[in-house]
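Those letters in the sequence shown? Residues 8 to 181, per the numbering used here, in order.
Let me begin by presenting the structure, written as structure tokens, before commenting on it.
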Amino acid sequence: MNPPLYAAILALIIGITRPLKVIFFGDNAPLAVFTQSIEYIGTITIPLTLMALGAQLANLPTRSKGGKSLFPSIGYILICRFLVMPLIGIILVLLTKNWFVQDPMLWFILMLLASGPTAVNCLNLAYLNKSFEEEMATLLFYSYMALAPFITIIVMGMLSIIGNFNTRSHSHSL
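This is the structure:
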């Protein structure tokens with residue numbers, strides 16, 4: 008169990024327990040100040056996380072602690088993340104599309120979920136566990152650098168596949 012999981016469980020308990028919900032939320036809630044403080048902290052979470060990532064990137068390593076170059080590992084991860092995973096996602100959606108609502112936007116979102124970069128949360132977990140922080144920061148840096156061209160090509164391909172598929176399904180129904 009980790010802090011985000013504890014927070015999610017606590018939020019669930021407060022959200023489904025009416026007396027607790029009234030104490031924390033609402034115009035006249037006695038603990039609204041506490042809730043409002045958490046909301047303010049929540050608004051700075053992403054900028055603060057990106058600042059922490061930037062601080063980690065100040066001394067971007069090119070070698071692991073063992074002396075090996077990080078680039079073969081990073082290249083392998085990026086190929087898997089931006090080529091293999093989107094292909095698997097597209098194939099799975101195409102094979103199971105009849106199981107879902109016939110909504111092209113849903114198909115696109117399901118395909119796109121398999122195509123995103125490694126989450127900044129991975130860096131937070133590495134930092135929290137004090138293991139592979141520099142390596143994770145390096146991976147995130149290069150994955151976000153590679154994201155723009157890869158995601159553009161992937162999205163174009165997905166939209167083309169969905170457009171062709173949607174056109175075929177409409178011509179069969181006529």
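All residues carry an ideal CB built from backbone N, CA and C; glycine is no exception.
Computed from a prediction, not measured in an experiment: that's the story for all the values here.
- In this structure Phe107 is exposed. Its beta-carbon is surrounded by fewer than 16 other beta-carbon atoms within 10 angstroms.
- Secondary structure of Ser76 (DSSP, three-state): strand.
- Listed in chain order, the non-local C-beta contacts of Ala39 below 8 angstroms within the same chain comprise Phe31, Phe32, Gly33, local neighbours out to five positions each way being set aside.
- One thing to note: Ile81 has its Cβ within 8 angstroms of the Cβ of Leu146.
- Beta bridge pairing from DSSP links Arg70 with Ser76.
- Secondary structure of Met118 (DSSP, three-state): helix.
- Per the coordinates, the alpha-carbon of Ile16 lies some 11 angstroms from the alpha-carbon of Ile23.
- Taking 4 residues as the shortest admissible run, the segment 17-52 contains the following complete alpha helix (DSSP H) segments, listed from N- to C-terminal end: 25-31, 39-50.
- The residues Leu64, Leu67, in chain order, have a CB closer than 7 angstroms to that of Phe148 in the same chain once the five nearest residues on each side in sequence are set aside.
- Contact check for Ile97 and Met152: beta-carbon distance about 24 angstroms, past the 8 angstroms limit, so the pair fails to qualify.
- The Cβ neighbour count for Phe89, taken over all protein chains shown within 10 Å, is at least 16; the residue is labelled buried.
- Here the C-alpha atom of Met112 lies approximately 43 angstroms from the C-alpha atom of Lys75.
- The Cβ atoms of Ile161 and Phe115 do not sit closer than 8 angstroms to each other.
- Taking a C-beta distance under 8 angstroms as the contact criterion, Ile20 and Leu27 qualify as a contact pair.
- According to the DSSP assignment, Pro93 belongs to the alpha helix (DSSP H) that extends over 92-103.
- If you draw a straight line from the Cα of Gln43 to the Cα of Ala36, it is about 11 angstroms long.
- The beta carbons of Leu130 and Leu60 sit about 6 angstroms from each other, so the pair counts as a contact at 8 angstroms.
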